[in-house]
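In UniProt numbering, the protein residues as written are 1 to 469.
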């Protein structure tokens with residue numbers, strides 16, 4: 001008996017050291033890359049740092065250029081990431097240093113790897129749990145995005161927090177765990193509105209799950225009525241958890257704009273960017289292999305040549321609202337969002353075949369293993385990096401397919417189903433909205449865990465072949 005306890009203790013210590021080694025490797029790899037690309041943290045392509053600075057200095061969520069206008073309320077970007085950045089401000093001048101952002105991104109990356117490992121362990125993947133964490137630590141998209149002031153690093157963390165709490169709810173289906181899971185999904189939706197359908201679907205799915213601890217014996221007396229009430233309680237708790245986290249943003253938007261907006265005013269733009277005649281023409285006629293540039297002018301037809309670009313058309317809509325470019329605020333911002341959404345719907349009605357072509361293109365872009373070529377005169381080093389990235393993702397996808405074979409119908413059951421649903425939701429949303437390869441970054445921990453299950457399948461199959469030889 002004592003020998004068994006000693007062996008179990010040694011195995012536990014060995015597991016702890018393997019986890020420490022995984023996190024140390026993650027710290028070294030990601031820390032080294034973020035130092036090598038530190039200058040990229042000076043750029044603010046989506047104005048998240050600008051919003052954070054406004055929050056620190058004037059307590060206004062604004063995208064206004066301070067050199068042009070005093071800050072006015074905006075809802076153009078989701079709030080979670082800029083709020084996080086605003087809490088990094090230090091000193092008398094309340095400066096948000098690039099070093100602080102780098103440390104925050106590094107911490108989020110470490111937490112994402114740890115939670116990926118933990119979820120895989122809860123799903124009984126054994127030693128492959130470390131492989132799941134390793135795949136996330138080395139993921140090329142996540143490595144690239146960690147040194148940019150963008151939401152992918154935080155969104156990936158939100159995914160694993162929410163899925164971990166959903167897995168916890170699966171094993172102990174009570175109202176408290178349901179509420180925590182709902183709150184985590186609500187938090188993710190404040191990072192990216194794409195998570196919102198996941199909350200709705202998860203609430204509905206919780207109604208179908210038998211309450212209580214998985215595997216525990218249930219009393220048969222008065223069970224049907226009690227079970228129904230507990231299912232309802234779980235679903236309501238999950239919904240309340242999500243709504244409670246979302247409500248401060250909704251209330252703020254109503255107070256500022258008299259609009260109870262749950263998402264952002266950016267949706268109309270991304271819908272129109274993805275569905276317009278310029279983009280449809282690019283998909284039909286492009287021979288460069290380069291991504292579509294909204295600044296490029298488009299030629300339509302053999303006789304009539306329409307030489308305006310997408311951006312010029314966009315500015316025409318904006319000037320029609322008497323608002324300067326890049327300074328949309330207040331009711332104009334909401335009206336602009338609605339106008340662009342309606343314009344995109346009109347474009348789809350005018351050219352349904354072009355829309356189907358664009359939707360298929362977006363799905364391919366979302367899951368493509370090969371990053372697209374960015375310049376006609378691409379260097380050999382850049383080309384090699386792209387094809388190495390493609391090799392990585394083809395390997396991960398092959399393992400994920402093996403994982404799907406191993407799991408089969410379990411993928412359509414809790415707790416795996418929660419992750420599958422999120423992948424399906426992201427894919428569905430991006431058949432409509434603008435998309436590129438980085439949009440799948442929040443899904444990579446899910447893919448990594450399925451791939452780890454696939455590696456188990458491959459090694460077990462190889463072991464059976466060797467034993468029968």
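C-beta: ideal position from N, C-alpha, C; glycine also.
Annotation: residue 271 to residue 72 spans about 25 Å, alpha carbon to alpha carbon. For residue 413, there is no enclosing alpha helix (DSSP H), as DSSP marks it with neither H nor E. Taking residue 87 as reference, the option from 139, 15 and 59 with the minimal CA-CA separation is 59. In this structure residue 200 is not in contact with residue 246, their Cβ atoms being roughly 12 Å apart against a cut-off of 8 Å.
In this chain, the alpha helix (DSSP H) harbouring residue 152 covers 152-171. Rounded to the nearest angstrom, the gap between the Cα atoms of residue 466 and residue 44 is 54 Å.
Partner residues in the beta bridge of residue 90, as assigned by DSSP, are 95. Shown here, residue 241 sits in a helix according to DSSP, grouped into three states.
Of the candidates 256, 63, 56 and 144, the residue whose Cα lies closest to the Cα of residue 32 is 144. DSSP, reduced to helix, strand and coil, places residue 126 outside both helices and strands of the structure shown, so it counts as coil. Beta-bridge analysis with DSSP links residue 212 to 173. The three-state reading of DSSP puts residue 67 in coil, since its state is none of H, G, I, E or B. Boundaries for residue 435: no alpha helix (DSSP H) harbours it, and the DSSP string shows neither H nor E there. With a cut-off of 8 Å on Cβ pairs, the stretch 392-405 is not in contact with the stretch 422-429, counting fewer than three such pairs. Nearest in C-alpha terms to residue 452, of all of 123, 226, 234 and 378, is 123. By the neighbour-count definition (other C-beta atoms within 10 Å, threshold 16), residue 312 is an exposed residue. Between residue 207 and residue 180, the C-beta spacing is not below 9 Å.
Under the three-pair Cβ rule at 8 Å, the stretch 149-167 counts as touching the stretch 98-116. Excluding five sequence positions before and after residue 229, none of the CB atoms of its chain fall closer than 7 Å to its own CB. Taking 9 Å as the cut-off, the Cβ atoms of residue 85 and residue 104 count as close.
In summary, residue 226 is exposed, with fewer than 16 beta-carbon neighbours lying within 10 Å of its beta-carbon over all protein chains present. No residue range can be given for residue 443, since it is assigned to no alpha helix (DSSP H) and is classified by DSSP as neither H nor E. When DSSP states are grouped into helix, strand and coil, residue 362 belongs to the helix group. In the assembly as shown, residue 16 is an exposed residue. Its beta-carbon has fewer than 16 other beta-carbons within 10 Å. According to the DSSP assignment, residue 430 belongs to no alpha helix (DSSP H), since it is labelled neither H nor E. Excluding five sequence positions before and after residue 37, the CB atoms of its chain that fall closer than 7 Å to its own CB belong to 147, given in chain order. Judged by DSSP in its simplified three-state form, residue 62 adopts coil rather than helix or strand.
One alpha carbon belongs to residue 293, the other to residue 344, and they sit about 18 Å apart. For residue 268, the enclosing alpha helix (DSSP H) begins and ends at 267-274. According to DSSP, residue pairing for residue 309 in a beta bridge involves 297. The three-state reading of DSSP puts residue 260 in coil, since its state is none of H, G, I, E or B. Counting C-beta pairs with one atom in each stretch, the stretch 446-461 and the stretch 385-399 have three or more that are closer than 8 Å, which means they touch.
Three or more beta-carbon pairs drawn from the stretch 259-276 and the stretch 335-350 are found closer than 8 Å, and the two stretches are therefore classed as touching. DSSP places residue 406 in the uninterrupted alpha helix (DSSP H) bounded by 380-407. Within a 10 Å sphere around the beta-carbon of residue 463 sit fewer than 16 other beta-carbons, which makes this residue exposed.
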